[in-house]
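Residue numbers for the sequence shown follow my numbering, so the first one is 1 and each next one is one higher.
For every residue, glycine included, the Cβ atom is placed at its ideal position computed from N, Cα and C.
Quantities reported herein were computed from a predicted structural model and do not represent experimental measurements.
To keep things clear, I will list the structure first and then write my remarks on it.
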Amino acid sequence: MTSLPLQVPKTLRVSDEQFLEFVKANPELRLERTATGELIAMPPSGSESGLHNSELTGDVVLWNRQGRLGKGFDSPTGFRLPNGAFRSPDVSWVAQDRWDTLTPKQRQGFAPLCADFVIELASER
1 MTSLPLQVPK TLRVSDEQFL EFVKANPELR LERTATGELI AMPPSGSESG
51 LHNSELTGDV VLWNRQGRLG KGFDSPTGFR LPNGAFRSPD VSWVAQDRWD
101 TLTPKQRQGF APLCADFVIE LASER
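What follows is the structure in structure tokens.
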């Protein structure tokens, strides 16, 4: 597969429906959307950042297994925030009681909630 650069104009704004269609049509891209509809293409992380992210995800998973108090998620997982933004934190956790309120359809897509705990790893890029 040949890769093509994605140039996203800063003034481009997309609706919820357009964003979801675009993400589904381009699963290899890591995309986010701000509350104002601005698209953000997230570049791949470097090896060191990926290593740190993997370790942090593992720590949250191990912590959660001790009490089974919620659900842990890795970096490709997107959430639809109350302000309309779609974000994918590096590591996130949602309390079980909040997860249980979601329908199966909501769980399949971008869960319409803000995670209770997130980690966003700063990179040197």
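**Report entry** Delimiting residues of the alpha helix (DSSP H) encompassing residue 19
**Finding:** Here the alpha helix (DSSP H) through residue 19 covers 16–25.
**Report entry** residue 96 vs residue 70 beta-carbon contact at 8 Å
**Finding:** The beta carbons of residue 96 and residue 70 sit closer together than 8 Å.
**Report entry** Pairwise C-alpha distance: residue 85 and residue 15
**Finding:** Those two C-alpha atoms are separated by around 10 Å.
Query raised in the report: From 100, 112, 87, pick the residue whose C-alpha is nearest to that of residue 119; which is it?
Result: In terms of CA proximity to residue 119, 87 leads the group 100, 112, 87.
**Report entry** Backbone secondary structure at residue 120 - three-state DSSP
**Finding:** In the structure shown, residue 120 sits in coil (DSSP, three-state: anything other than H, G, I, E or B).
Report task. Could you check the C-alpha separation between residue 10 and residue 67 for me, to the nearest Å? Result -> Approximately 43 Å between the Cα atoms of the pair.
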